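Novice:
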Amino acid sequence: MSETGWIENAPPREAQFGDYVELLKPRVMRLVIFTAAVGLICAPVPVHPVVALAAIICVAVGAGASGALNMWWDWDIDAVMRRTKGRPIPSGRVGRDEALAIGLTLSVFSVVMLDLFANHFAAGLLAFTIFFYVVVYSMWLKRWTPQNIVIGGAAGAFPPMIGWAVATGGASLESALMFLLIFLWTPPHFWALALFRNDDYAKAGVPMLPVTAGPRATRDQILIYSLILAVVAILPAFTAIGGPVYLAGSAVLNALLLRGAWRIWRREEAAAEADHHIVEKRFFGLSIVYLFLHFCLFLAEAGLRAGGVLAHLGWPVLF
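The sequence shown begins at 1 in UniProt numbering and counts up one residue at a time.
Printed below as a string of structure tokens:
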């Protein structure tokens with residue numbers, strides 16, 4: 001019997017299909033699928049539709065494997081936090097040993113199959129992504145340093161690089177900029193969440209920045225990272241994956257992001273608690289839309305490029 005009251009490896013009832021789906025973190029999987037697909041579509045080398053579909057499925061399975069292994073490792077933390085205590089393992093619907101077996105099996109399957117369908121580089125990058133998320137982030141960074149989200153954000157930033165590698169067999173400046181967009185987006189996105197979930201993280205002993213450095217320092221860091229992100233997010237406009245549509249859309253999105261970060265920075269914690277952190281919650285929601293629309297802009301530019309529109313306009317590629 002664990003300290004949370006659950007028997008770790010003996011769920012009280014037989015798990016249902018939906019419990020296993022939840023174990024794979026389908027919300028995170030959707031983002032991984034979308035960004036990987038954008039990386040693949042924007043790459044300069046065409047990919048057969050069957051190969052592309054198979055590769056994206058492999059990436060999705062790899063993301064699900066990472067989610068299962070993360071839940072296997074973090075079951076004790078999940079059991080304490082309100083946001084996660086209903087997950088399959090802490091709620092007793094799936095046993096830890098079962099989650100571990102599923103995660104390891106899907107990890108091997110996804111990497112081997114991606115190697116067969118695509119290439120060694122893409123498969124190796126997927127394997128490294130799973131390792132980074134489970135071992136580097138979940139097992140090490142998350143519990144030991146307030147930099148957990150800063151460094152660990154790399155795990156969620158690799159999918160567009162994997163998609164690009166499926167098509168090209170390697171990496172490039174363009175795929176690196178897509179990586180950086182997600183990498184720099186992750187800290188302000190999750191620190192905004194941590195500001196209004198601070199009690200949960202403190203109770204679970206997770207050293208998120210608001211817990212270790214306080215809300216004021218966290219607000220400072222959100223503004224700093226948002227400023228850096230805004231600069232980096234504009235750069236793809238002047239590469240082979242960007243163009244005037246991306247530049248205009250990114251400028252608007254970054255203006256909204258910086259306005260939100262500025263409002264968070266100006267806040268005092270007493271005022272935030274008085275209105276239930278409404279500004280922080282709005283910024284968190286905005287950040288999700290921000291990332292999604294940036295990758296939609298990449299797709300829009302790919303569509304224009306496929307039609308020869310940008311070449312006709314003579315849009316400059318500086319990098």
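We put the CB at the ideal spot given by N, CA and C, even for glycine. It should be emphasised that the depicted structure is a prediction, and the values quoted were computed from it without experimental measurement.
Which residues in the same chain have their Cβ closer than 6 Å to the Cβ of HIS189, if we skip the five residues on either side of it in sequence?
Specialist: Cβ within range, chain order: SER287.
Novice: Between the C-alpha atoms of THR129 and MET71, what's the straight-line distance to the nearest angstrom?
Specialist: Their Cα atoms are separated by approximately 16 Å.
Novice: Report buried or exposed for THR186, applying the criterion of at least 16 other Cβ atoms within 10 angstroms of its Cβ.
Specialist: Classification of THR186: buried, given that the 10 Å Cβ count is 16 or more.
Novice: Distance, Cα to Cα, GLU22 vs ARG216?
Specialist: Approximately 35 Å, taken between the alpha carbons.
Novice: Excluding the 5 residues flanking LYS25 on each side, which residues of the same chain have their C-beta closer than 6 Å to its C-beta?
Specialist: Answer for LYS25: GLY67, listed in chain order.
Novice: Report all residues from its chain with a CB closer than 8 Å to the CB of GLU301; omit the five preceding and five following residues, and keep chain order.
Specialist: If we look at GLU301 and ignore the five residues flanking it on each side, its Cβ neighbours are CYS42, ILE241, GLY242, GLY243, VAL245, TYR246 and LEU310.
Novice: If we count the other Cβ atoms within 10 Å of its Cβ and call it buried at 16 or more, is LYS142 buried or exposed?
Specialist: Counting Cβ neighbours within 10 Å, LYS142 comes out buried, since at least 16 surround it.
Novice: For SER110 versus GLY62, is the C-beta spacing smaller than 8 Å?
Specialist: Yes, the pair counts as a contact, with Cβ atoms nearer than the cut-off.
Novice: Run through DSSP, which three-state label would GLU268 get?
Specialist: Note: GLU268 maps to coil in three-state DSSP.
Novice: Rank GLY152, LEU193 and VAL211 by C-alpha distance to the C-alpha of VAL135 and give the top, closest one.
Specialist: VAL135 has its Cα closest to that of GLY152, out of GLY152, LEU193 and VAL211.
Novice: State the DSSP-derived secondary structure class of ASP200, mapped to helix, strand or coil.
Specialist: The answer is helix: DSSP assigns ASP200 an H, G or I state.
Novice: Do PHE183 and ALA165 have their C-beta atoms closer together than 8 Å?
Specialist: Not in contact: PHE183 and ALA165 (Cβ atoms no closer than 8 Å).
Novice: Counting along the chain, where does the alpha helix (DSSP H) carrying TRP75 start and finish?
Specialist: Note, TRP75: alpha helix (DSSP H), 75 to 80.
Novice: Report all residues from its chain with a CB closer than 7 Å to the CB of ARG32; omit the five preceding and five following residues, and keep chain order.
Specialist: Reading off the sequence shown, one finds Val at residue 32, where the question assumed Arg. Cβ neighbours of VAL32 beyond the five flanking positions: VAL59, ALA60, ALA63 and PRO159.
Novice: Our contact map puts LEU40 next to GLY163 with C-beta atoms below 8 Å; I'd like the distance itself, whole angstroms only.
Specialist: Right, their Cβ atoms sit about 4 Å apart.
Novice: Go ahead and label ALA248 buried or exposed: buried means 16 or more other beta carbons lie within 10 angstroms of its beta carbon, across all protein chains shown.
Specialist: Per the 10 Å Cβ criterion, exposed.
Novice: Between which two residues does the alpha helix (DSSP H) holding TYR225 run?
Specialist: Run containing TYR225: 215 to 234, per the alpha helix (DSSP H) assignment.
Novice: Taking the beta carbon of PHE17 as the centre, do at least 16 other beta carbons fall within 10 Å, making it buried, or is it exposed?
Specialist: Exposed.
Novice: Report the three-state DSSP secondary structure of ASN148 (helix, strand or coil).
Specialist: Note: ASN148 maps to helix in three-state DSSP.
Novice: Could you check what DSSP says for ASP19 in three-state terms: helix, strand or coil?
Specialist: DSSP places ASP19 in helix when its eight states are reduced to three.
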